[in-house]
Amino acid sequence: MPSIEELERTASQVRRDILRMVAAVNSGHPGGSLGCADFFVALYFEIMEHNPKQFQMDGVDEDLFFLSNGHISPVWYSVLARSGYFEVNELDTFRKLNTRLQGHPATEEGLPGIRVASGSLGQGLSVAVGAALAKKLNNDNRMVYSLHGDGELQEGQIWEAAMYASANKVDNLISVIDYNGRQIDGDVENVLSLGSLRDKWEAFGWEVMEMEGNHMESVVSGLKSAQSLTGKGKPVMVIMTTEMGQGVDFMMGTHKWHGVAPNTEQLENALGQLQETLGDY
Amino acid sequence: MEQYEAKDMKDTRSGFGAGLLELGESNPNVVALCADLTGSLKMNAFQDAFPDRFFQVGIAEANMMGIAAGLTIGGKIPFTGTFANFSTGRVYDQIRQSIAYSGKNVKICASHAGLTLGEDGATHQILEDIGLMKMLPHMVVINPCDYNQTKAATIAIAEHNGPVYLRFGRPKVPVFTDENQSFEIGKAVMLHEGTDVTIIATGHLVWKAIEAGKALLAKGINPEIINIHTIKPLDEEAILRSVQKTRCVVTAEEHQMHGGLGDSVAQLLARKNPAPMEMVAVNDTFGESGTPEELMTKYGIDTPDVIAAAERALARKASTPEMA
Chain X
1 MPSIEELERT ASQVRRDILR MVAAVNSGHP GGSLGCADFF VALYFEIMEH NPKQFQMDGV
61 DEDLFFLSNG HISPVWYSVL ARSGYFEVNE LDTFRKLNTR LQGHPATEEG LPGIRVASGS
121 LGQGLSVAVG AALAKKLNND NRMVYSLHGD GELQEGQIWE AAMYASANKV DNLISVIDYN
181 GRQIDGDVEN VLSLGSLRDK WEAFGWEVME MEGNHMESVV SGLKSAQSLT GKGKPVMVIM
241 TTEMGQGVDF MMGTHKWHGV APNTEQLENA LGQLQETLGD Y
Chain A
1 MEQYEAKDMK DTRSGFGAGL LELGESNPNV VALCADLTGS LKMNAFQDAF PDRFFQVGIA
61 EANMMGIAAG LTIGGKIPFT GTFANFSTGR VYDQIRQSIA YSGKNVKICA SHAGLTLGED
121 GATHQILEDI GLMKMLPHMV VINPCDYNQT KAATIAIAEH NGPVYLRFGR PKVPVFTDEN
181 QSFEIGKAVM LHEGTDVTII ATGHLVWKAI EAGKALLAKG INPEIINIHT IKPLDEEAIL
241 RSVQKTRCVV TAEEHQMHGG LGDSVAQLLA RKNPAPMEMV AVNDTFGESG TPEELMTKYG
301 IDTPDVIAAA ERALARKAST PEMA
């Protein structure tokens with residue numbers, strides 16, 4: 001098991017990958033990707049039982065992860081590559097013609113690690129619930145994880161799935177909300193307030209916990225706590241507080257880097273703030 | 001003409017229910033989901049026999065499509081059931097992204113398609129579903145014609161690895177196809193070999209085409225009648241072979257003219273073998289309340305409409321100079 005410090009070093013490299021990927025094609029979504037880097041690293045390098053070298057679509061006897069807010073594909077691609085699903089050099093093809101690393105995650109080109117397309121928001125929780133139900137039918141005791149944007153919770157389908165999962169005791173599911181409070185048009189509070197997230201999810205019958213998402217030790221211990229809440233008749237929701245743009249000072253505290261790539265100068269500035277730990281691709 | 005008799009009157013949705021039950025017994029990976037229309041979709045028998053493999057999702061069709069996509073990841077073969085309207089237009093983006101683009105092995109089973117839903121009116125009478133679904137890459141689109149064929153199609157699609165849209169209906173209609181037929185996806189069924197005009201029909205219009213064929217024969221016109229149960233992939237070879245012989249064609253369907261079977265056939269003929277063509281379909285309008293038979297008549301998709309269309313096609317052929 002990697003130490004917290006090793007995980008942090010991996011997260012630093014993942015943040016460099018994210019910035020270099022989006023800068024290379026002058027498109028993509030760095031803000032949310034940077035904010036979720038610690039979560040992805042903890043999940044893939046510490047928390048999940050999975051088999052990067054031999055990707056199987058059905059994922060039998062493996063933990064599964066679904067990214068519902070597909071636009072933060074850069075962080076997922078980096079972590080998939082760094083954990084061995086495909087060659088790190090393939091990150092260089094992100095968003096380019098004939099790539100397997102589509103703008104939003106897809107299965108069409110056969111990229112290992114991806115089990116469903118996402119991008120159009122609000123669909124991933126339903127898919128995760130379906131995968132969790134299949135695990136129960138197959139007597140497969142591994143877990144299903146999913147990640148959702150906070151703005152994404154404005155989509156109605158999320159609440160259909162929320163209602164279903166608790167009513168049917170889908171308790172092999174850990175869902176996480178990236179609670180960074182920002183979306184394309186501004187602060188979530190101003191675009192369409194979510195009210196009390198904890199109250200909403202509790203009212204929908206979920207076991208709810210909160211977690212600091214940009215502190216590696218908190219993420220690892222938080223996800224382990226979430227695991228201990230599974231198997232008790234309720235789906236588990238982790239409200240994960242993050243900072244959009246985390247790790248790059250000029251990208252933090254604003255929604256403006258949701259879907260904007262840094263220019264050459266900004267990239268240089270940003271990379272100067274993040275240690276190259278595993279070697280750039 | 002071959003003797004096609006209405007051996008019985010049954011609804012195609014009951015053929016789906018019977019096929020699903022058989023699949024439940026023969027294939028342990030088959031699971032079923034329904035959005036609060038279990039009785040209407042005739043899924044009760046499956047639910048009773050296999051309660052652990054049946055998922056009642058409530059009135060939440062978007063969630064149903066997503067759950068179905070997720071179930072495939074664990075190797076299941078999900079059959080979703082609701083009305084055609086709620087199986088397609090209501091959940092188009094969920095089907096597009098989570099099922100079609102993701103290549104998921106979901107069988108979208110849709111009842112109460114078209115005008116023959118009847119008295120509930122236009123809110124529920126979807127006439128655009130074939131078009132919506134055939135436009136999606138990877139999607140197979142099937143519209144069987146009677147109880148036996150719907151049952152056979154239901155069983156056959158479980159063997160196809162990929163998304164399928166299976167469309168059927170509410171009313172009791174003549175049962176005239178073989179009880180033990182083999183169903184081959186994408187393979188046209190020749191009902192009557194003729195020489196004068198090709199009539200290509202799908203779904204409930206196949207029986208109307210047979211009735212029209214009898215009337216045409218009595219008038220001295222020998223039509224070739226083809227049952228196209230699979231709109232996508234279209235059996236291009238069978239259609240072209242027939243039209244090369246008859247040199248004019250009629251399509252008949254319970255769907256909008258835009259986007260339906262006729263649209264697919266017209267595209268094929270325009271590219272490969274232009275010929276005079278008439279379409280029996282609903283012409284860019286919504287339906288309304290009424291009995292199925294009243295609606296078929298009012299909206300021009302009944303037996304006399306097929307006969308008239310065949311005569312128009314023949315007249316156009318007669319006035320069209322031979323193509324080089």
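Chains X and A are the protein sequences, given in the same order.
Throughout the first sequence, residue numbering follows the working numbering, covering 1 to 281 in sequence.
Throughout the second sequence, residue numbering follows the working numbering, covering 1 to 324 in sequence.
Backbone N, C-alpha and C define an ideal beta-carbon position, used for all residues, glycine too.
Source: prediction; values computed, not measured.
Name the chain X residues that come within less than 8 Å of residue i, Cβ to Cβ?
i             : result
residue 76/A  : 134 and 137
residue 67/A  : 126, 127, 129, 130, 133, 161 and 164
residue 162/A : Neighbours of residue 162/A on chain X: none; closest Cβ ~12 Å, over 8 Å.
residue 118/A : Here the premise fails: no neighbours, minimum Cβ distance about 29 Å.
residue 121/A : Residues of chain X passing the Cβ test: none, with the nearest at roughly 25 Å.
Within a Cβ cutoff of 8 Å, which residues of the same chain sit near residue i, ignoring the five residues on either side of it in sequence?
i             : result
residue 58/A  : 35 and 36
residue 142/A : 153, 157, 164, 165, 166, 167, 185, 229, 230 and 231
residue 226/A : 188, 189, 190, 191, 198, 199, 200, 201, 238, 239 and 242
residue 307/A : 212, 215 and 216
Who are the near neighbours of residue i in its chain, counting only those whose CB is closer than 7 Å to its CB and skipping five residues on each side?
i             : result
residue 166/X : 204, 205, 206, 234 and 235
residue 5/A   : 176
residue 86/A  : 35 and 61
residue 69/A  : 98, 99, 102, 104 and 106
residue 46/X  : 1, 2, 7 and 220
residue 174/A : 6, 9, 146 and 207
residue 266/A : 277
residue 305/A : 280
residue 324/A : Model confidence at residue 324/A stands at a pLDDT of 42, short of 50, so the residue's coordinates are unreliable; what they give is reported in the following sentence. Around residue 324/A: no qualifying Cβ.
residue 256/A : 127, 128, 131, 281, 282 and 284
Residue i touches chain A at which residues, Cβ-Cβ below 9 Å?
i             : result
residue 107/X : 101, 102, 103 and 104
residue 119/X : 97
With 16 as the cutoff for other CB atoms within 10 Å, does residue i come out buried or exposed?
i             : result
residue 279/X : exposed
residue 161/A : exposed
residue 110/X : exposed
residue 195/A : exposed
residue 34/X  : buried
residue 124/X : buried
residue 184/X : exposed
residue 148/A : buried
residue 246/A : buried
residue 182/A : exposed
residue 271/A : exposed
residue 2/A   : exposed
residue 224/A : buried
residue 253/A : buried
residue 135/X : buried
residue 264/X : exposed
residue 87/X  : exposed
residue 156/X : exposed
Cβ closer than 7 Å: which chain B residues qualify as neighbours of residue i?
i            : result
residue 58/X : The question asks about chain B, but that chain is absent: this structure's protein chains are X and A.
Find the residues of chain A that neighbour residue i, judging by a C-beta separation of less than 7 Å, and give them in chain order.
i             : result
residue 115/X : 73
residue 123/X : 66, 94, 97 and 98
Using DSSP bridges, identify the partner residues of residue i.
i             : result
residue 4/A   : DSSP, once it has assigned bridges, lists no residue as partnering residue 4/A.
residue 34/A  : 56/A and 81/A
residue 148/X : 177/X
residue 252/A : 201/A and 280/A
residue 186/X : 183/X
residue 167/A : 110/A
residue 67/X  : 147/X
residue 192/A : 225/A
residue 212/X : 241/X
Interface residues of chain X around residue i at Cβ under 7 Å?
i             : result
residue 63/A  : 126, 157, 160, 161 and 164
residue 81/A  : Chain X residues near residue 81/A: none, gap ~15 Å exceeds 7 Å.
residue 169/A : Correct list: empty, because the minimum Cβ distance to chain X is about 27 Å.
What does a CB cutoff of less than 6 Å around residue i pick up in its chain, not counting 5 residues either side in sequence?
i             : result
residue 108/A : 80, 87 and 165
residue 119/X : 70 and 104
residue 48/X  : 63
Using a Cβ cut-off of 9 Å, pull out every chain X residue sitting near residue i, in sequence order please.
i            : result
residue 89/A : Correct list: empty, because the minimum Cβ distance to chain X is about 15 Å.
Identify each residue in the segment 92 to 112 of chain A for which the Cβ-Cβ distance to at least one residue of chain X is less than 7 Å, and report them in chain order.
-> For the segment 92 to 112 of chain A, which is checked against every Cβ of chain X, the residues closer than 7 Å are 93, 94, 97, 98, 101, 102 and 103.
Proximal residues, the segment 157 to 180 of chain X versus chain A, C-beta separation under 7 Å | Flagged, chain order: 157, 160, 161 and 164.
Could you list the residues in the segment 33 to 59 of chain A with a C-beta less than 8 Å from some C-beta on chain X, going in chain order?
-> The residues in question are 52, 53, 55, 57 and 58.
Looking at chain X, which residues of the segment 227 to 259 of chain A have a Cβ within less than 8 Å of any of its Cβ atoms?
-> From the segment 227 to 259 of chain A, no residue has a Cβ closer than 8 Å to chain X.
With 8 Å as the C-beta to C-beta threshold (strictly closer), list the residues of the segment 14 to 28 of chain A near chain X in chain order.
-> For the segment 14 to 28 of chain A, there are no residues whose beta carbon sits under 8 Å from a beta carbon of chain X.
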